[in-house]
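For the sequence shown, the UniProt record's numbering assigns the number 1 to the initial residue and increments by one for each residue that follows. From the three backbone atoms N, C-alpha and C, an ideal C-beta is built for every residue, glycine too. Please read all numbers here as calculations on a predicted model, not as lab measurements. Take a look at the structure set out below.
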Amino acid sequence: MAIISCPQCQKSISDKHQSCPHCNIALEQMNEQDQRRLAARTKLQKQQGLMNQSFIALIFFLGGFLVLYWQQPEPGSWQQNACYGAIVLGFIWYLINRVRLVFLKRKKL
Numbered sequence: 001m002a003i004i005s006c007p008q009c010q011k012s013i014s015d016k017h018q019s020c021p022h023c024n025i026a027l028e029q030m031n032e033q034d035q036r037r038l039a040a041r042t043k044l045q046k047q048q049g050l051m052n053q054s055f056i057a058l059i060f061f062l063g064g065f066l067v068l069y070w071q072q073p074e075p076g077s078w079q080q081n082a083c084y085g086a087i088v089l090g091f092i093w094y095l096i097n098r099v100r101l102v103f104l105k106r107k108k109l
């Protein structure tokens with residue numbers, strides 16, 4: 001009995017299971033090529049999700065910066081604090097997503 005990762009949810013399961021106990025995908029009906037194809041599709045979907053989150057984080061960052069630049073809110077006002085918050089939140093969120101993408105790309109199927 002060996003421990004493998006499920007091709008869909010990537011959680012550890014026994015190779016004796018006929019279906020994954022986490023996502024209920026039928027493993028006994030899949031050959032090795034179908035399992036690799038499903039794992040590649042799942043990885044691609046995760047990458048696309050992280051890219052979408054990176055894009056939203058970039059919009060936060062640029063939105064805060066552009067509002068701060070064009071509207072020039074008064075120092076100490078809630079508008080200025082909201083702009084700084086959006087800039088910091090967007091920047092940190094973007095960096096975290098990029099690091100997650102790098103680790104996901106390094107992960108073998």
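In its chain, beyond the 5 residues on either side, Asp15 have a beta carbon closer than 7 Å to the beta carbon of alanine 2.
For serine 12, same chain residues with a beta-carbon under 7 Å away, outside a window of 5 residues either side, are Ile3 and Ser5 in chain order. Cβ atoms of proline 7 and alanine 39 come within 8 Å of each other, at about 4 Å.
Under the DSSP assignment, isoleucine 56 falls in the alpha helix (DSSP H) whose first and last residues are 32-71. Contact between phenylalanine 65 and tryptophan 93 is absent: CB atoms are separated by about 14 Å, not below the 8 Å threshold.
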